[in-house]
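A quick write-up on the structure given underneath.
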Amino acid sequence: MADVFRGLNLLETLKESIESNKLADVKDAVEDLLISRINLAVVGDRGDEKAFFMNSLRGLGPGDEGAAPSPSPAASEEVAGYPNPKHPDFRLWDLPPVPTTSPFEPEGYMDRVKFLRYNAVFMTFTETPQPNSVEVFLEARSLQRQTVYFILLASVKDTEKSLEERRKASLEVLTSQGVAQPKVYLVTPLTLEKFDFPGLLEDMGKDLPEIRANALLLALPTLTSTLVSQKKDAFKALVWAAASLSGGMSAIPVPLVASMVDSSIAVRILTKAQLSLCLDDESVERLARQRGKEPARLKVLRTCALSVEVTKGEVKTRLTAAEKDLATVSSKLLEMAMPRHARSASRSFAAMLQALNGAIDEMAADAEKIVSAALEERK
Numbered sequence: 001m002a003d004v005f006r007g008l009n010l011l012e013t014l015k016e017s018i019e020s021n022k023l024a025d026v027k028d029a030v031e032d033l034l035i036s037r038i039n040l041a042v043v044g045d046r047g048d049e050k051a052f053f054m055n056s057l058r059g060l061g062p063g064d065e066g067a068a069p070s071p072s073p074a075a076s077e078e079v080a081g082y083p084n085p086k087h088p089d090f091r092l093w094d095l096p097p098v099p100t101t102s103p104f105e106p107e108g109y110m111d112r113v114k115f116l117r118y119n120a121v122f123m124t125f126t127e128t129p130q131p132n133s134v135e136v137f138l139e140a141r142s143l144q145r146q147t148v149y150f151i152l153l154a155s156v157k158d159t160e161k162s163l164e165e166r167r168k169a170s171l172e173v174l175t176s177q178g179v180a181q182p183k184v185y186l187v188t189p190l191t192l193e194k195f196d197f198p199g200l201l202e203d204m205g206k207d208l209p210e211i212r213a214n215a216l217l218l219a220l221p222t223l224t225s226t227l228v229s230q231k232k233d234a235f236k237a238l239v240w241a242a243a244s245l246s247g248g249m250s251a252i253p254v255p256l257v258a259s260m261v262d263s264s265i266a267v268r269i270l271t272k273a274q275l276s277l278c279l280d281d282e283s284v285e286r287l288a289r290q291r292g293k294e295p296a297r298l299k300v301l302r303t304c305a306l307s308v309e310v311t312k313g314e315v316k317t318r319l320t321a322a323e324k325d326l327a328t329v330s331s332k333l334l335e336m337a338m339p340r341h342a343r344s345a346s347r348s349f350a351a352m353l354q355a356l357n358g359a360i361d362e363m364a365a366d367a368e369k370i371v372s373a374a375l376e377e378r379k
């Protein structure tokens, strides 16, 4: 993993690396963003709510291929893994519930399920957290693991009043067992856009190392317009890094080679963007099923050709058009955007930046239209 990301704003960190001529760091960072490696674990009873939650995190419904079944076929002490069909390097792990036996040693449970290997752990429950789960949480905190979160999973029968009462009772349990500044996130597994899940993502973005936070962001389904906007910003940072590499590699112009490199990385970025923004046919059809919409009604909202299919031909056409349009780009704006080492060296930076940013804008606009149409009855 490229340490270039850790603890700093993504784009600013990339700019610093470019200014320092650390192109190898930026290249590694681009690869890390394109390969979204993250492991999330979900602890709790293996009921419907937990299965729905794990499926929703991957954009799946109960009947979709790869969905976590309920009841779980896993043995009571077994750890079950569920890959993401669109993002194979994003994996969810179904951990068995924490034993209720007494005496209880949290270290034994944590060792058995390899608790510390996961980037984040969700401690789920449907009533109040049981005491031994709190002991596991406190042990994780003592080991400086901050990315452990208590999640109250709602069922379809729950009312907002009953959930708030359970949240209050849960906070009292956590306080009584010595959890400082306890926090309980209320989550509806089938409609993650409701209640506290957006706030949970915001907190995780602060707690996780930046490369992991970006990996999570890009792998999650497009639940809200806010998520679409955040994904767009992340891809634009990735575009900037890729364009900077293009500029750096083109200090001695070799048009054919530069063009091949540019189009190859551009196809990878835009393919990743299409999947992350859930614009491919399978994702749109799945969303339509989950929200009770006609798939054709959502598909027709994709007005950008790249939202429907990312092809080398379309990407090359856009890169070529951007090169021809460079004369219309403000030289002042171009100078501000370009890293110092590339300002006098290459037009490929500006061409890739203009072509890919335009494509990302168009694709994100399509994603926002689809999300709005899918959620319109749930606002």
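Okay, so the sequence shown: first residue is 1 according to full-length UniProt numbering, each after it adds one. Glycine included, each C-beta is placed from N, C-alpha and C at the ideal position. Small disclaimer: the values here were computed from a predicted structure and weren't measured.
Reduced DSSP secondary structure (H/G/I, E/B, other) of residue i
i: valine 239; result: helix
i: isoleucine 94; result: First, the residue type needs correcting, since residue 94 is aspartate and not isoleucine in the sequence shown. Note: aspartate 94 maps to strand in three-state DSSP.
i: leucine 40; result: strand
i: phenylalanine 150; result: strand
i: glycine 66; result: coil
i: alanine 288; result: helix
i: leucine 186; result: strand
i: leucine 80; result: What sits at residue 80 in the sequence shown is alanine, not leucine. Residue state, collapsed to three classes: strand.
i: lysine 157; result: coil
i: aspartate 325; result: helix
i: proline 131; result: helix
i: glutamate 139; result: helix
i: proline 88; result: coil
i: phenylalanine 195; result: coil
i: arginine 145; result: coil
i: leucine 277; result: coil
i: threonine 227; result: Per the sequence shown, the amino acid found at residue 227 is leucine instead of threonine. Looking at leucine 227 - three-state DSSP - the assignment turns out to be helix.
i: lysine 114; result: coil
i: aspartate 45; result: coil
i: glycine 205; result: helix
i: arginine 268; result: helix
Cβ-based burial, residue i [other Cβ within 10 Å; buried from 16]
i: alanine 251; result: Interpretation of alanine 251 is limited by its pLDDT of 39, a score under 50 that renders its predicted location unreliable; the figure taken from the coordinates is listed afterwards. With fewer than 16 Cβ atoms within 10 Å of its Cβ, alanine 251 is classed as exposed.
i: arginine 212; result: buried
i: valine 300; result: exposed
i: proline 189; result: buried
i: valine 371; result: buried
i: glutamate 376; result: exposed
i: arginine 58; result: buried
i: glutamate 368; result: buried
i: lysine 161; result: exposed
i: serine 348; result: buried
i: lysine 86; result: buried
i: leucine 326; result: exposed
i: serine 102; result: exposed
i: serine 263; result: buried
i: glutamate 127; result: exposed
i: alanine 321; result: exposed
i: aspartate 111; result: exposed
Beta-carbon proximity of residue i to residue j, cut-off 8 Å
i: serine 70; j: alanine 51; result: yes
i: lysine 278; j: threonine 191; result: Before going further, note that residue 278 is cysteine rather than lysine in the sequence given. No, they are not a contact pair.
i: glutamate 202; j: threonine 224; result: no
i: valine 187; j: phenylalanine 53; result: yes
i: glycine 199; j: tyrosine 185; result: yes
i: valine 267; j: lysine 312; result: yes
i: valine 30; j: leucine 238; result: yes
i: serine 133; j: valine 98; result: yes
i: aspartate 89; j: arginine 46; result: no
i: alanine 234; j: leucine 218; result: yes
i: arginine 318; j: alanine 359; result: yes
i: valine 113; j: proline 96; result: yes
i: leucine 245; j: lysine 27; result: yes
i: asparagine 55; j: alanine 67; result: yes
i: glutamate 135; j: proline 182; result: no
i: serine 72; j: aspartate 94; result: yes
i: glycine 178; j: leucine 152; result: no
i: phenylalanine 129; j: leucine 174; result: Checking the displayed sequence, the identity of residue 129 turns out to be proline instead of phenylalanine. Yes, Cβ-Cβ distance for proline 129 and leucine 174 is below 8 Å.
i: threonine 147; j: aspartate 196; result: no
i: leucine 116; j: arginine 145; result: yes
i: glutamate 362; j: cysteine 304; result: yes
i: alanine 351; j: glutamate 323; result: yes
Limits of the alpha helix (DSSP H) - the one that residue i falls within
i: isoleucine 370; result: 348 to 375
i: phenylalanine 53; result: 48 to 57
i: threonine 101; result: Unbroken run through threonine 101: none, as it is neither H nor E.
i: threonine 175; result: 160 to 176
i: valine 121; result: Where valine 121 is concerned, there is no enclosing alpha helix (DSSP H), although the beta strand (DSSP E) it sits in stretches over 120 to 125.
i: alanine 213; result: 210 to 219
i: lysine 299; result: 295 to 299
i: alanine 305; result: 305 to 308
TODO: Check whether the region 53 to 64 touches the region 154 to 171, taking contact to mean three or more Cβ pairs, one atom from each stretch, closer than 8 Å.
DONE: no
Open item on the list: Across the region 39 to 58 and the region 110 to 121, are there enough close Cβ pairs to call them in contact, namely three or more that are closer than 8 Å?
Closed with: yes
Open item on the list: For the region 270 to 277 against the region 301 to 310, do three or more pairs of beta-carbon atoms, one drawn from each stretch, fall closer than 8 Å, so that the two count as touching?
Closed with: yes
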